[in-house]
Each structure stands twice: as structure tokens, then as C-alpha cells.
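Q: Before anything else, here's the structure in question.
There are 2 protein chains.
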Amino acid sequence: MNEAILLAHGSGGKLSHDLVEKIFLPLLTNPMLARLDDSAVFEAPGRLAFTTDSYVVQPIFFPGGDIGKLAVCGTVNDLSMNGASPLYLSLSAIIEEGFLIAELERIVRSIKAAAEEAGVSIITGDTKVVNKGQADKLFINTSGIGIIPSGIDISGANARAGDKVILSGTIGDHGMAIMSQREGLRFETPLKSDCASLNKLVAQMLEVSPDIHCLRDPTRGGLATTLNEFARQSRVGIVIEEDKIPVAEGVRAACELLGLDPIYVANEGKLVAVVAPGDAAKIVAKMKQNKHGRKAAIIGEVTAEHPGRVTMKTKLGPSRVIDMLSGELLPRIC
Amino acid sequence: MNEAILLAHGSGGKLSHDLVEKIFLPLLTNPMLARLDDSAVFEAPGRLAFTTDSYVVQPIFFPGGDIGKLAVCGTVNDLSMNGASPLYLSLSAIIEEGFLIAELERIVRSIKAAAEEAGVSIITGDTKVVNKGQADKLFINTSGIGIIPSGIDISGANARAGDKVILSGTIGDHGMAIMSQREGLRFETPLKSDCASLNKLVAQMLEVSPDIHCLRDPTRGGLATTLNEFARQSRVGIVIEEDKIPVAEGVRAACELLGLDPIYVANEGKLVAVVAPGDAAKIVAKMKQNKHGRKAAIIGEVTAEHPGRVTMKTKLGPSRVIDMLSGELLPRIC
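Chains A and B supply the protein sequences, listed in that same order. In terms of our numbering, the first sequence has 179 at position 179, counting the first letter as 1, and numbering is strictly consecutive. In terms of our numbering, the second sequence has 294 at position 294, counting the first letter as 1, and numbering is strictly consecutive.
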């Protein structure tokens, strides 16, 4: 097999078939994918969730993950945030001519591992190759389908005054890991992306209470943007407390050095939940039993006042209004 | 709204929300999309089909279509080729910084029109922006979900000796339209892509006989590659007759000029079907009633001899073995 990706690997002809048969199929194989038809077929009675994300993260390998793991975890998480159990993913790659096949294989292996850990199958796929200079190495799209158990109705529009806001752990890890890798910064504590699939954590939360109102993973735009989305979609106010929000020491140091606020920095293995006040403590207790929820905490609450507005009580005392991210903190974070 | 796409349009923050609210939502709106949650929710009991494709066609506007129409039709067709009625699409855009918002809107309008014509809804989406020079204008991924009526079992692996091979119309139109546009070639008859959704044509074929064995749209790699895929998947031989294959006059002239064989050139609004011999004539008759099947014809048959091999009886008499496309005829054709 040629060592670098050629344009002909995207031709739909012989080399395309070689690539599928030598790299993708052996690693990701399952009966549905192996049919190699134009689409995959499955049975899934009931309510389904459907999501899509393209991944353009740069660099494609970073501490704690790579673009393949990120693509699986990100799409698994988008399904989980609707309370769906992820079932199937699609995988579509846009590859720059000249990309090393060994690197592609490394990424497909990482996709395989992440899919196995989350318990999902890749059942359909596509590969395109563009000329050198017309894309940056590799972009991946994963779309996903999950099944929503009956009785679950989670939406950013479901927050109600009095609800509690739960955060599953430290914020800013993914964004600062990418940024430090890209800028060549070194810290005493090496920064590592939190990239992880949260479907099992969500399943455990739903065991405690199926009545979770909102659930979202604060990726691009960070915690601040996710809370603003909830406040707008639900037409409620949200008040959070800065000193309840866990931030890893290295992330805090990196943010201070670079003049960034961690509440705007992307996460890839965290979630924010809005739940009824009576459910909050027991949900947090359950979350702490999962490795992805060990630092879970109630960080604030939903108010009837100031619909659409998010306010943070700062450590120093006064409150400040927290807006969505404006401008671009860090391009190609995911 | 700023006139060009900025990196901040991909930040997940304010400008990302603006883009969704001002461009995508007004044009593509439906209750499922409008929820703006991480994934869309739908009910679809029964057997479903799932497919994905990324589109990197260059130029993004071409005679007969654009990257948006192509993305909708291509994914609708991939579902249709499993006999599925397309229901829902996802839409994910990777946009180069500096791309004109007016052009993006034009493409989203085209997506809207193509989705309406095919009767599908876009129910979930994603937008990423990469720095100038890190992608070429716009790449689009559409994934799709369709429902397969009971009793339908279509697969490239279902061809049987004695079956007839049906082609829905002229070949090479899409590929030669793109190539002539790119190379600035002009012909007496202007070349136009055949880009179209074939779901209604397929539904009409299935009305005549639900027992269609194989169905595929010969996109990248052209008719020759699709037939080779059937021959390999079904472990059968296929014999076609060159003079039964319709080729538009302009496409034939362009192919001769450029030294190309139309059987390797991409199509975006054609299908190849393999059906039981007793069904072939009535299916072709029905296809001719649809504007996308007016030139439908039986072009060959399936044999037990030479499994995996495709042979063409040429106009001049002798037969030749038709292999898959090897090498790349035309990068970024779809």
C-alpha cells in the first residue's frame, strides 16, 4: 500500500476500495458496515436521537486524545445529552492528499477503541481526498443515532425556576491542552484533554432520576455559552457561583498566563445538567461514583428573574453578568 | 451581519448563534431543528437506513447544481439505493474563513429547495470554520435516515445469474459538467450536471416490483465501478452492451476530446438496478414515466461465469473486461 494518501484514494475506484478494505473495515468491522452498501440498515423501534458533528481540531494528535477519539466521544456525547443511548455512528473523512496512511490507521485505531469503550458501532462511512493544500491534513464527520428510553424528555428549553445547575467536573481542560500543545507551552502539571464519552455517566444519572431537565456538554464556547443557551432556550435566569466551579491547577495557571477565563474554554468530557432541586444532591452523589463525574458539584440555580441572563457570583463578592463567548477564543478546538 | 465568514462564526459563541439564527434556521426550519438541542429526536418504528457523505466538489457552483443541492441529492440517493424512503438529513458545514455569507446563503437556499423537492427535513446540524487556506471554501457533510418498507431487501450482494441490469439514463453528465466548468471548455451543447434526487423514481420502481435485487447510483468511479462492486459483492459475472448505454452528445464529444471513457465518469442523478429477468421490462416501462428515468434501458445481464468480472460487448464487436476505475480521473467531483 502506498505510504501517503493519493488523490486516487478518493476516486471511488480501486484505491478507494483498497483503503476501505485495508484500513477501515478490518478495524471497524461489523455485519452492518461489512455489507458495503450505500447505507446501513438497522432496526430501532421507538424514539431516536440523531446528531452530526464535523471535527477540524488542530493538531490532530494532542495530549489526551486525537481527532478520531474526539469525533467518537463528541458525537456520543451529543446523543447522550438528549438522554439517548448511543447505538450507531457514521464516519466520514476528508483527507488531504499526502497524509500518511500510518497516521490514518493510528486514528482509525483510536476510533475503534473509543467506539468500543462507548459501546457504539460505526455502521456506514465515506472518504474524500482533496488536493494538497485544500484541507489541513484530516477532517472527520461523525453522525450518530441513539435510542431514547421512554419517559425521558431532556432539552435546553426545560429549565425551570428553582432548578439546580450541576457541573460534572473541572472546566477548560480540552481547550487549554490544545492551546498549550499548539503554542508549545509547558507547565509543571502537563495539560491533558478531558476528551471522553459520557454516555455511561448519563445513564447512571438517569437511573437516579429520569426527570433531568437540561443536559449539555460545554464544548466550543465553554460553560458560559452553554448556560446562556439554557437561559435563552428556557427563558429563565441562571445564577452560578464562581468558587463552586472546579478548575485544575494547570488549567488555571495557563489561563492566567494567557489572560483567558476558563468559563469560556472548551471541554470535551464534561456536562452541565439542570435538575429539579429535590433531585440534585442524589444525582451528584451518583455522579461522583463515575470516573468522569468525580468532581461533580452543584454550581448554581435557575431563577425566574432576568430571563435569558446568566450571572456569576465572583469569589471577590460582586456578581457579574456572564455573556456568551463573543469572538473566537481558539479556532479549530474541535 | 458581517459580509464574510469569520473564525468567530465557528466559535460556538455569539457569531455562531447568529449564523444559525439568521441563515440556517429561517431557511431550513422545522420543529425538530428549531429545538436547537445537541441532537434531534424523531419516532421511526421499523427498519431504518443510515448513510453519510462528505461533499468537497470544486467548483461549488456548477451548471445544474451546487454543493448544497449535490449534498442533499447524494444522501437522498444513498438512502434510496437501499429502498429506503428518505426522512431526515443532518447538515454539517466546514467553512473557510473569508467565505462570503451571501454565497453560504445561496447554498442553504439550494439545500432548502432540494430538500423540499425530495420531501426530506434537515433536523440537526453543525458548523465549523477553519482559517483561510486550511480548507477550500466550503465542505458539506450530509448524513441521512430513511425508513425501509417491509419486504424490501436490496443489496449489492443480491445479484443472481440471469438477472437483468437496468440503467436509468445517460452517463457521465455530472463529471463532464464539472470538468468542462473547471477547465473552461465550451461545447455546442452546454454540459449540465444530472444532479437529482431519485427517491421518487425508486418508489415507482418498487411499486412495480418490490423484488429489486441491487440498486446503486454510479457516482465516483462511474458505471464501470458500480458494476464491478455488484460483481464482487454478489460473486457473479456481469455482461453489458456498449450500444445500449445512453450517452448525451455533448458528453460524448467532451469525453472524446479529453480521452475519457464515459463509463468511468461520475453521475449524480442516475441509478443502476439489477432485477429478476421477468420484472425488467415492466420496471423499465415504469421508469420511463419519470423525468429521471426517461432514457432507462436494459443494458446487460448477470452471469454465473467469471464471478467478480464485468465484460462489455463493444460496438465494434469484441468484448472487453471492464475493471474498476484505477487512479483518479477527476479529483473533487462530489
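Beta carbons: idealized from backbone N, C-alpha and C, even for Gly.
State the CB to CB distance for the pair Leu-70 of chain A and Val-57 of chain A, rounded to an integer number of angstroms; the pair is presumed to be in contact (CB under 8 angstroms).
A: Contact flag correct, Cβ pair sits at about 6 angstroms.
Q: Suppose you measure from the CA of Ala-114 of chain A to the CA of Glu-105 of chain B; what does that come to, to the nearest Å?
A: Taking the straight line joining both Cα atoms gives about 36 angstroms.
Q: Less than 8 angstroms between the beta carbons of Ile-299 of chain A and Leu-167 of chain A, yes or no?
A: Contact flag set, yes.
Q: Exposed or buried, what is Val-275 of chain B when buried is set at 16 or more other beta-carbons lying within 10 Å of its beta-carbon?
A: So Val-275 of chain B counts as buried.
Q: Could you please tell me which residues of the region 124-135 of chain B, in chain order, have their CB closer than 9 angstroms to any CB of chain A?
A: Within the region 124-135 of chain B, the qualifying residues are Thr-124, Gly-125, Asp-126, Thr-127, Lys-128, Val-129, Val-130, Asn-131, Gly-133, Gln-134 and Ala-135.
Q: When the Cα atoms are used, what is the spatial distance from Phe-187 of chain B to Gly-250 of chain B?
A: Approximately 7 angstroms between the Cα atoms of the pair.
Q: What do you reckon, are the CB atoms on Ile-23 of chain B and Val-120 of chain B nearer than 8 angstroms?
A: For Ile-23 of chain B and Val-120 of chain B, no; Cβs fall outside 8 angstroms.
Q: Give the range of the beta strand (DSSP E) segment to which Asn-141 of chain B is assigned.
A: Looking at the DSSP string, the run of the beta strand (DSSP E) that includes Asn-141 of chain B is 138-148.
Q: Does the beta-carbon of Gly-259 of chain A have 16 or more other beta-carbons within 10 angstroms, so that it is buried, or is it exposed?
A: Classification for Gly-259 of chain A: exposed.
Q: Using CA coordinates, which residue listed in A:Ile-123, A:Val-236, A:Gly-13 and A:Lys-295 is at the minimum distance from Gly-162 of chain A?
A: Comparing Cα-Cα distances from Gly-162 of chain A to each of A:Ile-123, A:Val-236, A:Gly-13 and A:Lys-295, the minimum goes to A:Val-236.
Q: Tell me, which residues are paired with Tyr-264 of chain B by DSSP?
A: BP columns for Tyr-264 of chain B are empty, so no partner.
Q: Compare the beta carbon distance of Ile-171 of chain A and Gly-98 of chain A with 8 angstroms and say whether it is the shorter of the two.
A: Result no, Cβ atoms of Ile-171 of chain A and Gly-98 of chain A do not sit closer than 8 angstroms.
Q: Does DSSP put His-213 of chain B in a helix, a strand or coil?
A: Here His-213 of chain B sits in strand by DSSP.
Q: Per DSSP, which residues does Gly-162 of chain A bridge with? Please list them.
A: None; Gly-162 of chain A has no bridge partner.
Q: So what does Ala-297 of chain B bridge to, in DSSP terms?
A: Looking at the DSSP assignment, Ala-297 of chain B forms a beta bridge with B:Leu-167.
Q: Taking 8 angstroms as the threshold (beta carbon to beta carbon), is Ala-118 of chain A in contact with chain B?
A: Not one chain B Cβ lies under 8 angstroms of Ala-118 of chain A.
Q: With distance defined between alpha-carbon atoms, name the residue in A:Glu-207, A:Ala-102 and A:Val-272 nearest to Cys-214 of chain A.
A: Measuring from the Cα of Cys-214 of chain A, the nearest candidate turns out to be A:Val-272.
Q: What residue does the alpha helix (DSSP H) around Asp-37 of chain A start on, and which one ends it?
A: First-last for Asp-37 of chain A: undefined, no H or E at that position.
Q: Under 8 angstroms, do Ala-196 of chain A and Gly-269 of chain A count as touching if we go by C-beta distance?
A: Yes, these two residues count as a Cβ contact at 8 angstroms.
Q: Please go through the same chain and pick out, in chain order, the residues whose beta-carbon is closer than 8 angstroms to the beta-carbon of Lys-128 of chain B, but skip the five residues on each side of it.
A: Closer than 8 angstroms at Cβ, skipping near neighbours: Gly-10, Ser-92, Ala-93, Ile-94 and Ile-95.
Q: From Arg-232 of chain A to Ser-180 of chain A, what distance separates their C-alpha atoms?
A: Taking the straight line joining both Cα atoms gives about 33 angstroms.
Q: At the level of alpha carbons, what is the spacing between Leu-330 of chain A and Val-130 of chain B?
A: Cα to Cα, the separation comes out at about 11 angstroms.
Q: Taking just the CA atoms, how far does Ser-143 of chain B sit from Ser-85 of chain B?
A: In a straight line, the C-alpha of Ser-85 of chain B is about 14 angstroms away from that of Ser-143 of chain B.
Q: So the candidates are A:His-306, A:Val-284, A:Glu-328 and A:Ala-49; which of them puts its Cα closest to the Cα of Glu-43 of chain B?
A: Comparing Cα-Cα distances from Glu-43 of chain B to each of A:His-306, A:Val-284, A:Glu-328 and A:Ala-49, the minimum goes to A:Ala-49.
Q: Please check the pair Ile-123 of chain A and Asn-30 of chain A, which I expect to be a contact at CB under 8 angstroms, by giving their CB distance rounded to whole angstroms.
A: Yes, Ile-123 of chain A and Asn-30 of chain A are in contact; Cβ-Cβ is about 7 angstroms, under 8 angstroms.
Q: Going by beta carbon distance, what residues of the same chain come within less than 7 angstroms of Ile-152 of chain B, once the five residues before and after it are set aside?
A: Closer than 7 angstroms at the Cβ level, and outside the excluded window around Ile-152 of chain B, lie Gly-83, Leu-206 and Pro-210.
Q: Let me see if you follow: with CB-CB separation under 8 angstroms, is Gln-233 of chain B close to chain A or not?
A: For Gln-233 of chain B, the answer is yes, since a Cβ of chain A falls inside 8 angstroms of its Cβ.
Q: Counting only Cβ-Cβ distances shorter than 8 angstroms, please list the residues of the region 190-217 of chain A near chain B, keeping chain order.
A: Result list: Arg-216 and Asp-217.
Q: Taking the DSSP output, what are the residues bridged to Pro-63 of chain A?
A: In DSSP, Pro-63 of chain A forms no bridge with anything.
Q: Sorted by chain position, which residues of the same chain lie with C-beta nearer than 7 angstroms to Ile-266 of chain B's C-beta, five sequence neighbours on each side aside?
A: The amino acid occupying residue 266 of chain B in the given sequence is Ala; Ile does not appear at that position. Only His-174, Gly-175, Thr-219, Arg-220, Gly-222, Ile-333 and Cys-334 meet the Cβ criterion.
Q: Please name the residue or residues paired with Leu-100 of chain B in a DSSP beta bridge.
A: Note: Leu-100 of chain B sits in a beta bridge opposite B:Ala-4.
Q: I think Val-165 of chain A touches Glu-301 of chain A, with their Cβ atoms under 8 angstroms apart; what is that distance to the nearest whole Å?
A: Confirmed, about 6 angstroms.
Q: For the region 312-334 of chain A, which residues have a beta carbon sitting closer than 9 angstroms to at least one beta carbon of chain B?
A: Taking 9 angstroms as the Cβ-Cβ cut-off against chain B, the residues of the region 312-334 of chain A that qualify are Asp-323, Met-324, Leu-325, Ser-326, Gly-327, Glu-328, Leu-329, Leu-330, Pro-331, Arg-332, Ile-333 and Cys-334.
Q: Rounding to the nearest angstrom, what Cα-Cα distance links Ala-297 of chain B and Thr-52 of chain A in this structure?
A: Each residue's alpha carbon lies about 38 angstroms from the other.
Q: Less than 8 angstroms between the beta carbons of Leu-227 of chain A and Ile-322 of chain A, yes or no?
A: Yes. Within cutoff.
Q: Looking only at its chain, what residues have a beta carbon closer than 6 angstroms to the beta carbon of Thr-311 of chain B, apart from the 5 residues adjacent to it on each side?
A: Result list for Thr-311 of chain B: Val-239, Ser-319 and Val-321, in chain order.
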